[in-house]
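A.B. asks: If you scroll down you'll find the structure; I have some questions about it.
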Amino acid sequence: MKAYYFDNVEGDQRLPHFDSALPPVSQSDLAKYGVLYWHIPIDQDGNWEQAIDQIAAERSYKNRDIINVSKTGLGDLYESKIKSFFEEHMHEDEEIRYILDGAGFFDVRSPQKDEWIRVHVDQGDLLVLPAGIYHRFTLDEGDYIKAMRLFKDEPKWTPYNRSADTDANQHRVTYLQTFA
Ligand code: KMT
Ligand code: NI
69 MKAYYFDNVE GDQRLPHFDS ALPPVSQSDL AKYGVLYWHI PIDQDGNWEQ
119 AIDQIAAERS YKNRDIINVS KTGLGDLYES KIKSFFEEHM HEDEEIRYIL
169 DGAGFFDVRS PQKDEWIRVH VDQGDLLVLP AGIYHRFTLD EGDYIKAMRL
219 FKDEPKWTPY NRSADTDANQ HRVTYLQTFA
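Using this note's numbering, the first residue of the sequence shown is number 69, and each one after it goes up by one.
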């Protein structure tokens with residue numbers, strides 16, 4: 069995992085958009101914004117599965133599935149999914165992703181200054197985005213990620229694209245009250 073301010077330069081979303089002149093973003097900065105991170109290396113013995121099971125039990129993540137975001141994984145849906153993942157949105161539940169293979173970028177909005185923070189994730193990274201945070205996702209130049217999606221009860225995948233309505237959404241309001 070590597071986190072840094074997005075450079076806001078126009079161009080290919082898959083490029084790093086890193087600017088060394090911007091201040092660094094640490095794991096504890098992310099935690100202040102409600103973004104949690106663990107690294108659980110994928111090993112041959114399957115210890116990673118036990119570690120995931122333990123976090124899932126502690127945090128009441130009862131269900132999970134696996135998504136392959138790539139041209140072969142998404143087929144006809146590829147273009148539309150890539151586009152919708154990168155629309156700024158929020159959810160009414162946590163977004164929990166454990167990266168099994170490949171890599172990508174989650175961009176999250178800082179709560180106070182509303183700036184994009186880019187989080188690069190790859191194999192073994194577990195990232196939890198809190199309910200109500202504005203965010204988006206893109207593949208990197210490797211064009212492939214395989215991730216386990218964990219969720220509490222039934223999946224609340226519904227993305228609510230940012231608007232005046234989402235600004236007033238109770239989960240958004242609670243997020244800002246907790247982390248801004
Ligand atoms: C999402 O909700 O943005 C995704 O599931 C993206 C793919 S998972 C790395
Ligand atoms: Ni999302």
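Even glycine gets a Cβ: it sits at the ideal position worked out from N, Cα and C. What you are looking at is a predicted structure, and each value in this text was computed from that prediction instead of being measured.
Please list the segments of the alpha helix (DSSP H) lying wholly inside the segment 97-121, counting only runs of 4 or more residues, in order along the chain.
C.D. replies: Correct list: empty.
A.B. asks: What are the partner residues of Ala-215, as DSSP defines its beta bridges?
C.D. replies: Looking at the DSSP assignment, Ala-215 forms a beta bridge with Ile-135, Ile-167.
A.B. asks: Beta-carbon distances below 6 Å to any heavy atom of the ligand NI define the shell here; list its residues in chain order, please.
C.D. replies: Answer in sequence order: His-157, His-159, Glu-163, His-203, Pro-227.
A.B. asks: Per DSSP, His-188 is paired with what?
C.D. replies: Answer is Lys-70, Phe-173, bridged to His-188.
A.B. asks: Within 7 Å: the Cβ of Ala-124 and any heavy atom of the ligand KMT?
C.D. replies: For the ligand KMT, not one heavy atom lies less than 7 Å from the Cβ of Ala-124.
A.B. asks: Just grab the DSSP bridge partners of Tyr-228 for me.
C.D. replies: DSSP output for Tyr-228 lists Met-158 as bridge partner(s).
A.B. asks: Please determine whether the Cβ atom of Phe-153 lies at a distance below 7 Å from any heavy atom of the ligand KMT.
C.D. replies: Yes, since a heavy atom of the ligand KMT falls inside the 7 Å radius drawn around the Cβ of Phe-153.
A.B. asks: Near Arg-132, which residues of its chain fall below 6 Å by C-beta distance, leaving aside the five closest residues on each side in sequence?
C.D. replies: Cβ neighbours of Arg-132 beyond the five flanking positions: Met-216, Leu-218.
A.B. asks: Based on the DSSP secondary-structure assignment, which residues constitute the bridge partners of Arg-82?
C.D. replies: Answer is none; Arg-82 lacks a bridge partner.
A.B. asks: Of the residues Val-187, Leu-195, Leu-98, Glu-155, which one's Cα is nearest the Cα of Phe-86?
C.D. replies: Minimum Cα distance to Phe-86 is reached at Val-187.
A.B. asks: Just the C-alpha distance for Arg-165 and Lys-100, rounded to the nearest angstrom, thanks.
C.D. replies: Rounded to the nearest angstrom, the two C-alpha atoms are 19 Å apart.
A.B. asks: Which class does Leu-90 belong to by DSSP, given the choice of helix, strand or coil?
C.D. replies: In this structure, Leu-90 counts as coil in the three-state DSSP scheme.
A.B. asks: Would you report the Cα separation of Tyr-129 and Ala-232, rounded to the nearest angstrom?
C.D. replies: Each residue's alpha carbon lies about 30 Å from the other.
A.B. asks: Assess contact between the segment 73-81 and the segment 188-202, defined as three or more Cβ pairs (one per stretch) separated by less than 8 Å. Is contact present?
C.D. replies: Segments in contact, no.
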